[in-house]
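Inspection log for the structure reproduced underneath, given as structure tokens.
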Amino acid sequence: MSTKVSDHILERLRDWGVDHVFGYPGDGINGLLAAWGRADNQPRFVQSRHEEMSAFEAVGYAKFSGRIGVCAATSGPGAIHLLNGLYDAKLDHVPVLAIVGQTHRTAMGGSYQQEVDLHTLFKDVASEFVETVTVPEQLPNVLDRAIRTAYARRCPTAIIIPGDVQELDYSAPTHEFKMVPSSLDRSDWTAVPSQESLERAAEILNSGDKPAILIGQGAAGARAEVERIAELLGAGVAKALLGKDALSDELPYVTGSIGLLGTRPSYELMRDCDTLLTIGSSFPYTQFLPDFGKARGVQIDIDPHMVGMRYPYEVNLVGDAKATLQRLIPMLDVERGGREWYDTVCGNVTRWREVMERRAQQSADPINPEYVARALDPLLPDNAIVTSDSGSTANWYARHLTMRPGMRASLSGTLATMGPGVPYAIGAKFAHPDRPAIALVGDGAMQMNGMAELITAAKYRELWEDPRLIVAIWNNHDLNQVTWEMRAMEGAPSFLPSQQLPDVQYAAFARSLGLTGIRVEKPEDVEAAWRAGLEADGPAVLDFLTDPAVPPIPPHASWEQMEATAASILKGDADRASMVKQGFKAKVQEFLPGREKK
Numbered sequence: 262m263s264t265k266v267s268d269h270i271l272e273r274l275r276d277w278g279v280d281h282v283f284g285y286p287g288d289g290i291n292g293l294l295a296a297w298g299r300a301d302n303q304p305r306f307v308q309s310r311h312e313e314m315s316a317f318e319a320v321g322y323a324k325f326s327g328r329i330g331v332c333a334a335t336s337g338p339g340a341i342h343l344l345n346g347l348y349d350a351k352l353d354h355v356p357v358l359a360i361v362g363q364t365h366r367t368a369m370g371g372s373y374q375q376e377v378d379l380h381t382l383f384k385d386v387a388s389e390f391v392e393t394v395t396v397p398e399q400l401p402n403v404l405d406r407a408i409r410t411a412y413a414r415r416c417p418t419a420i421i422i423p424g425d426v427q428e429l430d431y432s433a434p435t436h437e438f439k440m441v442p443s444s445l446d447r448s449d450w451t452a453v454p455s456q457e458s459l460e461r462a463a464e465i466l467n468s469g470d471k472p473a474i475l476i477g478q479g480a481a482g483a484r485a486e487v488e489r490i491a492e493l494l495g496a497g498v499a500k501a502l503l504g505k506d507a508l509s510d511e512l513p514y515v516t517g518s519i520g521l522l523g524t525r526p527s528y529e530l531m532r533d534c535d536t537l538l539t540i541g542s543s544f545p546y547t548q549f550l551p552d553f554g555k556a557r558g559v560q561i562d563i564d565p566h567m568v569g570m571r572y573p574y575e576v577n578l579v580g581d582a583k584a585t586l587q588r589l590i591p592m593l594d595v596e597r598g599g600r601e602w603y604d605t606v607c608g609n610v611t612r613w614r615e616v617m618e619r620r621a622q623q624s625a626d627p628i629n630p631e632y633v634a635r636a637l638d639p640l641l642p643d644n645a646i647v648t649s650d651s652g653s654t655a656n657w658y659a660r661h662l663t664m665r666p667g668m669r670a671s672l673s674g675t676l677a678t679m680g681p682g683v684p685y686a687i688g689a690k691f692a693h694p695d696r697p698a699i700a701l702v703g704d705g706a707m708q709m710n711g712m713a714e715l716i717t718a719a720k721y722r723e724l725w726e727d728p729r730l731i732v733a734i735w736n737n738h739d740l741n742q743v744t745w746e747m748r749a750m751e752g753a754p755s756f757l758p759s760q761q762l763p764d765v766q767y768a769a770f771a772r773s774l775g776l777t778g779i780r781v782e783k784p785e786d787v788e789a790a791w792r793a794g795l796e797a798d799g800p801a802v803l804d805f806l807t808d809p810a811v812p813p814i815p816p817h818a819s820w821e822q823m824e825a826t827a828a829s830i831l832k833g834d835a836d837r838a839s840m841v842k843q844g845f846k847a848k849v850q851e852f853l854p855g856r857e858k859k
């Protein structure tokens, strides 16, 4: 039997070390599906419930494995469904390859069934590389370049293969004129800045008395070096949400997350510092960085396209974080002065942890959402992989979960789209089948697509060495983050027709699939539910009924926002009485004994 183009595609994916492709079938990729049958399902085709979930699963796989995530879909409708997940990959700088079908070449341009101009459709999301294969000889070069580019640029790429091309006999490119041969190898490489720029950066860092460090996901491979430079400088370290697992929260000078979902110590660190070192982060919210001109700045980033944007840095070091820090650290002054700043940072962290503990212990109706996250924190296994969805749940994920060495965690950091929490966790399980995965989601995201992907978890549970995949739902019958944004930013009451969600029996649905399902309606049952999920012999759904009136108060809580919230109450917010009570109880924790006022 001759080798078809579709056979060669799967063979080439195997040669690149691809072991999973997340997809959904359709006649636009029938040739590929037939090839999968001939290849004994290698690489494994992982069937989601929706192409968007396939893309999210590929992103989760790539985030937690460090390898390229691959997704596949049919032509027009299937390809369109991939877009949201691919944009998530683009904005969070994750290597993902999309393989999509297209109508036969003979029908293209004829307004044929399901015909969409896919090259134009993908040109933005896969802007670094998108190509349509029209003859067999374009392969393997197109596929190789798509994979190499995805790795090198940390981005999504796409290849489009018409249905009839998939069925053609494969013919390798030759060395004839206008042929493009290809090769597989992709060697590792390291970028480092110049010696002169390192010396200028060292001068800036040595000159400061109140240094602050901000890290993102780009610092994940430089954990030891970040710890060393923080200790040498006596600096506090704040983390962008994508860098939550890049450094242990157990270190006394780690102030936690930064930004609207961040901590008070991170806000104070940026407000009061005189020197800022940013490592592997493009955190966009400048209002949470030092006032312009107040701090001298140095940035380290692997991508020259991303440096020098968020703050007026004096030196932008383009290079790998680990290699750059290894060269920078010996240039620092180890005979620095007193440690008053360091002690202040550590004291702020200690007090914040006490505040968060008190907030989580406050009573609510029926369950305080902060307590749900707080109860999980000490129970997290050392090798846990945690995913969070967007929404108010991300606040509790950011503030209450203590990352320890060996743990992994992520969310849709830049696109902040709804819905990736559960498919991220499924992708993580295929990347690390021997580790437990925990998805933290709101009821809005769960109703949007999480429930359907429970079917995927049930379908593949037997493939995972450690079968635990816990989906925890903050069920408050409200699109809570948007509700609070309306109150705080617009001074508008909750608009129930847009915000109110139906109560769904998530645990019962899980049990109908043969999974563990637990509905939790009282705070005294929260910890036991977490323990039951962690002890289950397969995927588990924990449905926590939480109070929507507990506010995700930002770390800086301006008077303007508080006044806007008050205005919404006066305009008749449906939940105004409970909202006032919970907001006051949460905020007052910062002013109890042990909290130094600023």
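Quick note on the numbering used here: the sequence shown kicks off at 262 and runs consecutively. From the three backbone atoms N, C-alpha and C, an ideal C-beta is built for every residue, glycine too.
In whole angstroms, what is the alpha-carbon distance linking residue i and residue j?
{"i": "Pro-573", "j": "Ser-543", "result": "13 Å"}
{"i": "Ser-326", "j": "His-566", "result": "25 Å"}
{"i": "Glu-464", "j": "Ala-621", "result": "43 Å"}
{"i": "Val-377", "j": "His-342", "result": "13 Å"}
{"i": "Val-266", "j": "Thr-364", "result": "16 Å"}
{"i": "Ala-300", "j": "Asp-276", "result": "13 Å"}
{"i": "Met-823", "j": "Val-355", "result": "Any reading at Met-823 is ruled out, since the residue's pLDDT is 44, under 50, leaving its predicted position unreliable."}
{"i": "Gln-308", "j": "Lys-690", "result": "14 Å"}
{"i": "Tyr-685", "j": "Thr-381", "result": "27 Å"}
{"i": "Ala-296", "j": "Asp-288", "result": "13 Å"}
{"i": "Ala-481", "j": "Ala-584", "result": "13 Å"}
{"i": "Pro-838", "j": "Asn-741", "result": "With the sequence shown as reference, residue 838 is identified as Ala, and Pro is not the correct amino acid for it. Rounded to the nearest angstrom, the two C-alpha atoms are 16 Å apart."}
{"i": "Trp-725", "j": "Leu-379", "result": "35 Å"}
{"i": "Arg-409", "j": "Met-592", "result": "35 Å"}
{"i": "Val-568", "j": "Ala-636", "result": "39 Å"}
{"i": "Ala-333", "j": "Glu-312", "result": "8 Å"}
{"i": "Phe-805", "j": "Arg-792", "result": "14 Å"}
{"i": "Tyr-322", "j": "Arg-525", "result": "32 Å"}
{"i": "Leu-459", "j": "Asn-577", "result": "9 Å"}
{"i": "Asp-510", "j": "Ala-491", "result": "14 Å"}
{"i": "Gly-844", "j": "Gly-752", "result": "15 Å"}
{"i": "His-817", "j": "Arg-310", "result": "41 Å"}
{"i": "Val-743", "j": "Ala-645", "result": "29 Å"}
{"i": "Pro-545", "j": "Asp-739", "result": "28 Å"}
{"i": "Pro-513", "j": "Cys-607", "result": "5 Å"}
{"i": "Leu-540", "j": "Phe-770", "result": "The sequence shown places Ile at residue 540, rather than the Leu named in the question. Going from the Cα of Ile-540 to the Cα of Phe-770 covers about 44 Å."}
{"i": "Met-747", "j": "Thr-516", "result": "28 Å"}
{"i": "Ile-563", "j": "Asn-402", "result": "26 Å"}
If you check the beta carbons only, do residue i and residue j fall under 8 Å apart?
{"i": "Glu-428", "j": "Gly-292", "result": "yes"}
{"i": "Asp-638", "j": "Met-679", "result": "no"}
{"i": "Ala-655", "j": "Leu-522", "result": "yes"}
{"i": "Trp-735", "j": "Asp-704", "result": "yes"}
{"i": "Gly-362", "j": "Ser-336", "result": "yes"}
{"i": "Arg-722", "j": "Pro-697", "result": "no"}
{"i": "Pro-666", "j": "Trp-745", "result": "no"}
{"i": "Ile-248", "j": "Leu-445", "result": "Outside the displayed range of the chain (262 to 859) lies residue 248, so it cannot be described from this structure."}
{"i": "Ile-519", "j": "Phe-549", "result": "yes"}
{"i": "Pro-809", "j": "Asp-836", "result": "yes"}
{"i": "Gly-580", "j": "Val-453", "result": "yes"}
{"i": "Ala-340", "j": "Val-320", "result": "no"}
{"i": "Ile-290", "j": "Val-331", "result": "no"}
Say the cut is 7 Å; is the CB of residue i nearer than that to a heavy atom of the ligand COA?
{"i": "Ser-542", "result": "As presented, the structure is devoid of all ligands, the ligand COA included, so that no description of it is given."}
Could you give the C-beta distance for residue i and residue j, rounded to a whole number, given that I count them as a contact under 8 Å?
{"i": "Val-386", "j": "Leu-344", "result": "6 Å"}
{"i": "Gly-495", "j": "Tyr-603", "result": "4 Å"}
{"i": "Ile-716", "j": "Val-647", "result": "Not confirmed; about 22 Å, so no contact."}
{"i": "Gly-346", "j": "Phe-317", "result": "4 Å"}
{"i": "Leu-294", "j": "Pro-286", "result": "6 Å"}
{"i": "Gly-682", "j": "Ala-706", "result": "6 Å"}
{"i": "Ser-315", "j": "Gly-284", "result": "5 Å"}
{"i": "Leu-912", "j": "Leu-538", "result": "Residue coverage of the chain in this structure runs from 262 to 859, which leaves residue 912 outside it and unanswerable."}
{"i": "Asp-834", "j": "Ser-755", "result": "6 Å"}
Quiz item: With a cut-off of 8 Å, do at least 3 Cβ pairs link the stretch 499-517 to the stretch 430-444?
Solution: no
Check whether the stretch 518-537 touches the stretch 470-477, counting contact only when three or more Cβ pairs, one atom from each stretch, lie closer than 8 Å. These segments touch.
**Asked** Do the stretch 411-425 and the stretch 388-395 make contact, defined as three or more Cβ pairs closer than 8 Å?
**Response** When C-beta atoms of the stretch 411-425 are compared with those of the stretch 388-395, three or more pairs fall below 8 Å, so the two segments count as touching.
4-residue-minimum alpha helix (DSSP H) runs that sit fully inside the stretch 593-678, ordered along the chain:
601-622, 630-637, 653-661
Quick check for students: name the residue ranges of the alpha helix (DSSP H) that lie wholly in the stretch 506-594, counting only runs of 4 or more. 525-533, 582-589
Worksheet item: For the stretch 659-675 against the stretch 760-772, are there 3 or more C-beta pairs whose distance is under 8 Å?
Response: no
Item to complete: List in chain order: all unbroken beta strand (DSSP E) runs of 3+ residues lying wholly within the stretch 358-423.
Response: Complete beta strand (DSSP E) runs here, min 3: 391-393, 417-423.
Report yes or no: do three or more beta-carbon pairs, one from the stretch 779-787 and one from the stretch 706-716, lie closer than 8 Å?
no
**Asked** If you pair each beta-carbon of the stretch 785-800 with each one of the stretch 609-620, do three or more pairs fall below 8 Å?
**Response** no
Uninterrupted alpha helix (DSSP H) stretches inside the stretch 701-767 (no shorter than 4 residues)
712-721, 741-746, 757-760
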